[in-house]
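Under UniProt numbering, read the sequence shown as residues 1 to 635, first letter to last.
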Amino acid sequence: MTAEAQKETLGFQTEVKQLLNIVINSLYSNREVFLRELISNASDAEDKLRFEALSNNQLLEEDPDLAIHLGYDSEAGTITIRDNGIGMTRDEVIENLGTIAKSGTSDFLNQLTGDQQKDAKLIGQFGVGFYSSFIVADQVEVTTRKAGTGSSEGVHWVSSGDGQFTIEPVENAPRGTTVVLHLREDAKDFADGHRLRHLVKKYSDHISFPVRMPPEPTGEEEENQEDQPAEETVNEATALWTRPRNEVSEDEYKAFYKHIAHDFEDPLTWSHNQVEGTLNYTSLLYIPGRAPFDLYNRDASRGLKLYVQRVFIMDDAEQFLPLYLRFVRGVIDSSDLSLNVSREILQNDSTVNSLRTALTKRVLDMLKKLANNDPEKYQQFWDQFGQVLKEGPAEDFGNREKIAPLLRFASTHTGETTQNVSLDDYVARMKEGQEKIYFLTSDSHQAAKSSPHLEIFRKKGIEVLLLSDRIDEWMMGYLSEYEGKHLQDISRGDLDLDEVESEEEKKEQEQASEEHKDLVERIQGVLSDRVKEVKVTKRLTESPACLVVGDYDMGQQMRKIMEAAGQPVPDAKPIFEINVDHPLLQRLEKEQGEERFSDLAQVIFDQATLASGQEIEDPGTYVSRLNRLLLELAE
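See below:
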């Protein structure tokens, strides 16, 4: 079969077509990042080959000098990036260049607006890697051969970004991958040696493999040029994390982050440490400025880049940080692990557990420092990653005291939906004699803000934390106290206000319960199949009634999460608290007709159910009862 007969024209995956259309047609604000992305891809390919060669040295063939070669042709308007790394097979070319194999793609596409400039920024957040080639090129050629395959098993891929690509076999392809960019007319100024050198220094100086280019002309006589080297290294070509901190600039740290995270934005902060002692390792950890689209997919790839004695081992080494810190990006390089380390070994290595403990502490300390030194940046972090950090108290019980001061909440004292109140802020504002931290969970901030449970706290000027994220009830189950202060859910069990309640108020509460004992019993009789208990409230000052969750019962947030997951939910009836000073309850107490008493009691209960953010069991019956009562009032 001839090579021409094996040539195929294939279509891009639908998501790639949409992405390419935006890349090609948008005026990208920073087109030069294409070179960073392609050099980063080449570096990854070199890393992977070096690791594979540890167990199979034959993969290096006759070319053990791993390097990235950058060339250009000003007249033809082309740029060439070549690596002698791991390379790709035909199937890998189709998979890697014809699809976007990244979770979160659908979420990304759903956020596209049709506004080219806004969508271009979204592309930068998503990270498009190879597809950034089409920012500057109207045609891209890729020639590649997988390490360990015969020289006749090369693959040639070509596309103009128009929705399809051609792929065919090629003879005598070198190991690795060569990308040729045929530049657009308005991008041909990139085919310039001086500019390319500048971009390599700006974006890829930290790459640990040499980036080599033809030397720049010196202007000397042609006969003297014969002594010039064919290529020269234009980057630092040393692993950035191995250099002393005082020798690495802020710009270099930022550029390295963008390389390992494939992010287009600067990180919020980072921590670079070299540790010698019981453990010997170097870590460079970053906190991103923006959440990736797959942040809430707990099965998505995550973790740090793992090196052992500067030799790349694996991407996404997830064993070194707990799941609630999955947003952290960075590198760990240890001399205490074996070079032939595998994922299975990592799972059972005691050194890994020690490194995990040390790195987790490092990240939490980094966040604490950011919160103390730059509250504005920390708020940006919280807005992006707060819900993930909230998984921490349950998943990392041993570090809950370090996590707790990093949490942020909305509260009755802020009046906004913004979660910017720390537990330290709350404790500093506590009333004299107050010994508890009060909080309320609800389905939304507005529902929490208008909850009748807040009435007694507003009256006394006591701050309440308002929690409305789905994870909040689960999280608070693992935060029983902070700085010796008990955390109390104001919608659960008996409300203990001893420290801010006067003796006179306590006595009035006892008298009210005794005086209205008959009313309580009558309501209990009507609602016996719907409530666990009826009580005179100390929570309410304006509303007629409210529902209270039992001390050991599951709250509404957890019930909804379990129901949505198809899990069985234990049956639990609420406690029904009534405000005997409210005109509705006073009217109810005087009602002699049992049927009318029952209707009114049921309506008040259903209203309390709605006020708590829950759905009533039988809306039709509720409406009928309410209409009947309204008609009686109209007569």
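Here a beta-carbon is modelled for each residue, glycine too, at the ideal position from N, C-alpha and C.
Note that the structure is a prediction, hence the values are computed from the model and not measured.
Closest Cα partner of residue i within the set the options
| i | options | result |
| --- | --- | --- |
| Arg298 | Lys449, Asn280 and Leu323 | Leu323 |
| Phe320 | Asp294, Gly555 and Tyr281 | Tyr281 |
| Trp157 | Asp383, Ser151 and Gln139 | Gln139 |
| Val311 | Asp496, Glu432, Leu196 and Thr238 | Thr238 |
| Thr177 | Phe457, Glu515, Val142 and Asp192 | Val142 |
| Leu406 | Asp365, Glu432 and Ala394 | Asp365 |
| Glu514 | Lys535, Ser502, Leu497 and Glu501 | Lys535 |
| Asn273 | Asp251, Leu295 and Leu355 | Leu355 |
| Glu391 | Tyr426, Gln511 and Leu479 | Leu479 |
| Gly461 | Lys485, Gln434, Met475 and Gln164 | Gln434 |
| Lys431 | Ile68, Glu92 and Lys459 | Lys459 |
| Ser615 | Arg408, Leu268, His259 and Lys560 | According to the sequence provided, residue 615 is Glu. The question's Ser does not apply to it. Of the listed residues, the one whose Cα sits closest to Glu615 is Lys560. |
| Asn372 | Ser422, Lys258, Asn172 and Asn246 | Ser422 |
| Leu49 | Ile39, Phe34, Leu35 and Asp65 | Asp65 |
| Asp571 | Gly555, Asp581 and Val580 | Gly555 |
| Ile437 | Leu495, Glu8, Ala394 and His445 | Leu495 |
Test item: CB-CB of residue i and residue j under 8 Å
| i | j | result |
| --- | --- | --- |
| Leu359 | Ser283 | yes |
| Asp263 | Pro244 | no |
| Gln384 | Ala447 | no |
| Ala53 | Gly85 | no |
| Leu370 | Lys377 | yes |
| Asp489 | Gln557 | no |
| Arg522 | Phe605 | no |
| Leu70 | Val275 | no |
| Arg175 | Asp63 | yes |
| Pro619 | Ser543 | no |
| Ala601 | Leu547 | no |
| Glu265 | Gly129 | no |
| Phe576 | Ala611 | no |
| Ile332 | Leu181 | no |
| Arg539 | Glu455 | yes |
| Ala191 | Asp83 | no |
| Arg329 | Glu318 | no |
| Leu240 | His206 | yes |
| Leu325 | Val363 | yes |
| Val155 | Val93 | yes |
Three-state secondary structure assigned by DSSP to residue i
| i | result |
| --- | --- |
| His445 | helix |
| Asn84 | coil |
| Thr621 | helix |
| Arg628 | helix |
| Phe12 | coil |
| Glu221 | Caution is warranted here: a pLDDT of 48 is assigned to Glu221, below 50, making its placement in the model unreliable, and the coordinate value is therefore given only provisionally. Coil. |
| Gly104 | Note that Gly104 scores 46 on pLDDT, short of 50, meaning its location in the model is unreliable; the coordinates nonetheless yield the value given after this. Residue state, collapsed to three classes: coil. |
| Ser334 | strand |
| Asp383 | helix |
| His272 | strand |
| Lys7 | coil |
| Val308 | strand |
| Gly193 | helix |
| Thr609 | helix |
| Tyr72 | strand |
| Glu153 | coil |
| Ile561 | helix |
| Arg145 | strand |
| Val569 | coil |
| Gly176 | strand |
| Leu633 | helix |
| His206 | coil |
| Asn399 | helix |
| Tyr296 | coil |
| Tyr353 | The displayed chain sequence assigns Asn, not Tyr, to residue 353. In this structure, Asn353 counts as helix in the three-state DSSP scheme. |
| Ile616 | coil |
| Thr278 | coil |
| Pro288 | coil |
Strand pairing of residue i, partner residues [DSSP]
| i | result |
| --- | --- |
| Ser159 | Val140 and Phe165 |
| Leu181 | Ile79 and Val140 |
| Ala601 | Note: Ala601 sits in no beta bridge, so no partner. |
| Ser283 | Asn273 and Ile332 |
| Ile578 | Val536 and Ala545 |
| Ala317 | Leu304 |
| Met213 | Glu232 |
| Val170 | Gly154 |
Any non-hydrogen atom of the ligand FMN within 7 Å of residue i CB
| i | result |
| --- | --- |
| Pro452 | In the structure shown, the ligand FMN is absent, as is every other ligand, since no ligand is present at all. |
What are the complete alpha helix (DSSP H) segments, minimum 4 residues, inside the stretch 477 to 554? As far as the stretch 477 to 554 is concerned, its whole alpha helix (DSSP H) runs of at least 4 residues are 503 to 515 and 517 to 526.
Entirely within the stretch 402 to 468 and at least 3 residues each: give me those beta strand (DSSP E) ranges in chain order. Complete beta strand (DSSP E) runs here, min 3: 436 to 441 and 465 to 467.
What are the uninterrupted segments assigned as alpha helix (DSSP H) that are 4 or more residues long and contained completely in the stretch 232 to 271, given in chain order? Correct list: 250 to 261.
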